[in-house]
Structure formats: structure tokens, C-alpha cells
């Protein structure tokens, strides 16, 4: 090899080692490697910065904004609620429960970001398993693997697909079509889900997840919810709706047409318009806001008390001199006076019952409010409240914006899938539409973008360019050809997949795809084969991280929640990885002929 190739190899190996150790941030590490190679003259400025002019990073940024819009409006809760169903707690059998969860989640992952899906569904699974006396470790790892498999169904299923599409376009080839990768992704995902359902109950141990009870707010708040019109909970009993055994929340009473039902029997049927009084800690009270079919009695006022999407949660302590003390929220006209809606009330040493608006508020009561971002500045120096504390956590969904957000997302998918717009202009147009329609503020749209991921993708292109320009890609491609070429065209394809699978467990999936792309193309070109199926193989294998909890973001997310040990992932991930390898070698040549 030339000196530049040896230098690039040393830099790549050092980069992999640092990324694997997680001692430095991934963007800083990759950007530093590219900078070193630029200074050393291995790449020029255009090559080093090629990723920042490639559509892939900006497309990923736009998709982050779309995911934030869906999350902020509760659209994901609607989808997952309908997929899992209000009676999800009935499926106590491991395989039935897995089938009920994994298939719809994998399908949704083809169109929604997988990290967002796991963030929304994982807490529900934890609650459900505690209700049914099961271990969440039986379900959370399969959940992560299912969204990874589902990400191979479409171009937008994972950022890795977009990265490879950008690399193809940069090399002069056609970018990936919206459903193109699904030719191999669909059979791999279907077979992978069947394997997960069959083996997970046998291979996954029951781990005790670290409890968040110690971190939960022990203060008990009272909140009033309503069974919404058209709610999927209508006609179900309290027990069937899963409202009887909610963790950290107790259903105190039901009010129906002026009649109060307390205590609430498990067999009590819910009807549209029922007002449900719950008591529980802050975290679980906020979780109730995202239960499909339940809305806060103050829901219709959320858009009034907060201008646009800039909603915030606050805790306030009622002062003795406040007009509110010894009165009711309704009598004092709380919403009009303070520009805020009361979500829940806490009173030390006492469980409250009845409508929030009719409860007599006392000095020292803690009110959980939804208001705009300027609420604290307006009332900080007033004598009405002793304390005004912004509260971290998710605000109630902006359900009034769910329809425009859903239409924007649908329009984006249809435009890209039909070929009317390329993914970059469609993504940017959809992101701007969410801001223009008031679903997200410009600040929220900016914060939704994970700049670390965007910079990492852009910087990785420079590292990939160095691998190609230095001649290292050709040398490694020749090594792959020499090692696996004797096994035929499919053997060479298998070699590319194996190398990518190993690399993606050590570094991020996007970095693995960028590093392996030029090597795979070089190996294919040297053997006189079409590079496109090898690029598809890189995209598929770079996302197929099932052996460790650090190879993919969703694996890391469920690692702590499920109480897993490091090598638990290999127990289930190894047979799944072997399955992906075998099916990819079988299906890819059928969908994309290897010969030119």
C-alpha cells in the first residue's frame, strides 16, 4: 500500500478504537480524524467537507423535525394506542404479547424514526409488564430489534438508508427509491420478527429492571380526565381499559351525568364523557395525558392559555394573600386571571376528590399548571404565589394540532413514495410546514434536530472520501476479494456483509456505512460486479446491530430500562444476525443481479 493508505488505515483504526471506548464524542472524534487527514494532504478541502454539501445530513435533520411534530401532537400515541389496543394487558402470554407488539411497531418504524418509537412505547411496555407480573426484559430488547428491522423497509426508516442513498448519488449512481431497500428489508424483517417471537421467551432471562420509584415524586396530585368523544375506551370496563392497576396512579372516582361513583369497581363500564378523578405522583399524572382516548378536562383551554406551541409546565405554591386562597378555581376565574390552566392539585397529607374547578384551594396547595413560556416572568414578583418553579418533562400533547401534523406527515410520505418530490425538498417543505402551521415553534424545531448525529454523518463522508482517495478502499476491497472471492459472487457479498456487521458493533451505524461503502464498491468493481447490490448490503448490515447494547441507539435506550447485562444482547442477537446474513445473501442477488 502507498504511504497515504497506511496513514489513513492508522487513522481509521484509531477512530474506531476511540468510538468503541466512548471516551470522546463521536462527532468530535470523526471530525478530528478528517481534519488530521486534511492537514496531512490525504484529502483536499472539497473531499473533507463533502458531507456538508451532501443531501443526507440535511434530510436527517428534517426528519428529526417531522418526528418532533408527531410527538408533540400526540400522533404517535394515537398510532401506538390503536396498534396495541386498550386491552393490551390481556395478552399475558409472551409470544402472543410479542406478536401483538412487534409486527405493528416494525411496520411503523418504516415511516417514523425508530428512536422516537422506542421512547414512546418502552414506558408503556414497562407499565404493562408490571401490571401482568412479567419482566420488561422479555419485551424491550425484542422491541428495539423490531424497530431496527422495520427501518429496513423504506428509505426513511433509518438515517443509514439515507446516508447510503447520498453516497450512491455522490458516486454518480441513482439514489435509492423510497421502497427499493424494502425488496430485501421486507423478507428479512418478516423472518426476523418470527425468529424473535419464537426465541425471545426461551433465550431472554427475566431481569429486574432498575425501579424509578426512588426517583418518583412522592407528592400525590389529583387530576381530572375525560373519556374523549370516539375514545377506544368507551364500552370497556375499568379493568379492560387498564385503568385499574396503573403504576403510581389510583382511580379515585368516576363522575357520570352528575352522579359520582366511588369506589370504582373493576367491572365498571366507561362511557363517553365520563370524568375520571385520578391521584398519583407527578410523573404518572403527566403520563395520563398521553393515554389514547383520555383528555384533560382543561385540554380545550391549553391552546388559549399558551400562545402557539410554546407551552411549559409549572408548579406553583398558593400564597396566603392570594385571591385564590379559600376559593375555587372556577370562582376566581383562574384561566382568565393568570393565563394558565390547572392540570392537577396537590395538598399535603390529603387525597382530594371531586372536580378540580369546584375544590376549595388552600394556602400551601401546589398547582400543576400549563402556561406559556412567559408565565414565570409575569407572576414571579406577585403575592399570589410563594413559589413558581418550571417543571421538566413533556407537556400535554397539542391535540388541536394533531390533524395538520398528520396531514403534513402523510403528504411527505406520499410525495416521496410517488416520486413527485425527492426526499430532501419534501423533508424541508414538511418541516417548514409544521412551523408555519404552529405545530412547532422555530425554537422547538431547532431543538428537535440532534446536531451530534447531523455533524457525525457529514464528517463521516469526509472520512469515507479519505478511504477512497488514499487507495485504502481498493486495497481492502482486494483483500475482501481474495478472501471471499473464491466462494463466488455470493461469497464476496457475504464477506462485505460480515465486515459491515462487525464494524457496526464497534462504531455508529452511519459511520460503519460510510467506511464500508467505498470498500464494498471497490471489491465489486474489481470483480466486475454491479456495485449497487453491495451498497444495499452495506445499508442493511450497518443497521443490523443486534450483538451489543452500544451498536445502535435503540439498543442503548432499552439497555438500562430492561435491566439487561451486556452479553444478554448476544444471546438473542446472534441467531438474528446469522438470519440476516443468510437471507441477505439469498435475497439481494435475486432483487439486484450481481452481474452488470
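Residue numbers (the numbering used here): 6 to 601.
Cβ coordinates follow ideal geometry from the N, Cα and C atoms, glycine included.
Bear in mind that the values here come from a model prediction, so they are computed numbers and not experimental data.
Close Cβ partners of residue i (< 6 Å) along its chain, the five nearest in sequence each way excluded
i	result
residue 217	With a pLDDT of only 46 at residue 217, under 50, the local geometry of the prediction cannot be trusted, and no value is derived from it.
residue 77	403
residue 302	229 and 231
residue 463	56, 57 and 62
residue 74	410, 439, 444 and 445
residue 485	500 and 528
residue 134	141
residue 202	100, 103 and 104
Burial state of residue i, where buried means 16 or more other Cβ atoms lie within 10 Å
i	result
residue 549	buried
residue 168	buried
residue 294	buried
residue 40	exposed
residue 22	exposed
residue 50	exposed
residue 4	Missing from the structure shown is residue 4; the chain here goes from 6 to 601 and no further.
residue 598	exposed
residue 180	buried
residue 568	buried
residue 286	buried
residue 534	buried
residue 408	exposed
residue 97	With a pLDDT of 48 at residue 97, under the threshold of 50, the modelled position of that residue is not reliable, and the figure given next carries that caveat. Exposed is the call here.
residue 379	exposed
residue 386	exposed
residue 573	buried
residue 406	buried
residue 264	exposed
residue 115	buried
residue 143	buried
residue 382	exposed
residue 273	buried
Residue i: first and last residue of the uninterrupted alpha helix (DSSP H) it sits in
i	result
residue 51	50-53
residue 531	514-531
residue 367	No alpha helix (DSSP H) holds residue 367; DSSP gives it neither H nor E.
residue 2	Past the edges of the chain, shown from 6 to 601, lies residue 2, and the structure says nothing about it.
residue 174	164-175
residue 449	447-453
residue 161	Where residue 161 is concerned, there is no enclosing alpha helix (DSSP H), given that its DSSP letter is neither H nor E.
residue 2	Residue 2 is absent from the structure shown; the chain starts at 6 and stops at 601.
residue 576	573-596
residue 76	60-77
residue 325	No alpha helix (DSSP H) holds residue 325; DSSP gives it neither H nor E.
Residues near residue i in its chain [Cβ-Cβ closer than 8 Å; skip 5 each side]
i	result
residue 426	420 and 434
residue 478	472, 523, 524, 526 and 527
residue 270	243
residue 330	323, 324, 366, 367 and 368
Whole-number beta carbon distance between residue j and residue i, since they are thought to touch under 8 Å
i	j	result
residue 145	residue 502	Wrong, their Cβ atoms sit about 27 Å apart, outside the cutoff.
residue 497	residue 490	5 Å
residue 323	residue 367	7 Å
residue 60	residue 235	Not quite, the Cβ-Cβ distance comes to about 40 Å (not below 8 Å), so this is no contact.
residue 42	residue 13	7 Å
residue 147	residue 103	6 Å
residue 70	residue 453	5 Å
residue 465	residue 519	4 Å
residue 350	residue 226	6 Å
Neighbour flag for residue i against chain C, beta carbons, 7 Å
i	result
residue 60	This model lacks chain C altogether, as it is built from one protein chain only.
N-terminal and C-terminal residue of the beta strand (DSSP E) that residue i is part of
i	result
residue 346	345-351
residue 229	226-232
residue 204	Careful: residue 204 lies outside any beta strand (DSSP E), inside the alpha helix (DSSP H) at 187-208.
residue 256	254-261
residue 338	Unbroken run through residue 338: none, as it is neither H nor E.
residue 211	Run containing residue 211: none; DSSP gives neither H nor E here.
residue 265	264-266
residue 285	280-285
residue 299	299-301
Residues near residue i by beta carbon distance below 7 Å, same chain, minus five either side
i	result
residue 163	119, 156 and 548
residue 541	186, 189, 593 and 597
residue 552	510, 574, 575, 578, 579 and 582
residue 543	169, 501, 505, 518, 521, 522 and 525
residue 326	388
Do the region 172-187 and the region 142-161 touch if we need at least three Cβ pairs shorter than 8 Å?
yes
Would the region 104-111 and the region 442-449 be scored as touching if the rule is three or more Cβ pairs under 8 Å?
no
Flag this pair as touching only if the region 316-335 and the region 373-380 have three or more C-beta atom pairs under 8 Å; answer yes or no.
yes
Quick check: the region 188-207 against the region 552-563, are at least 3 beta-carbon pairs closer than 8 Å?
no
Are the region 451-463 and the region 28-47 touching by the rule of at least three beta carbon pairs closer than 8 Å?
yes
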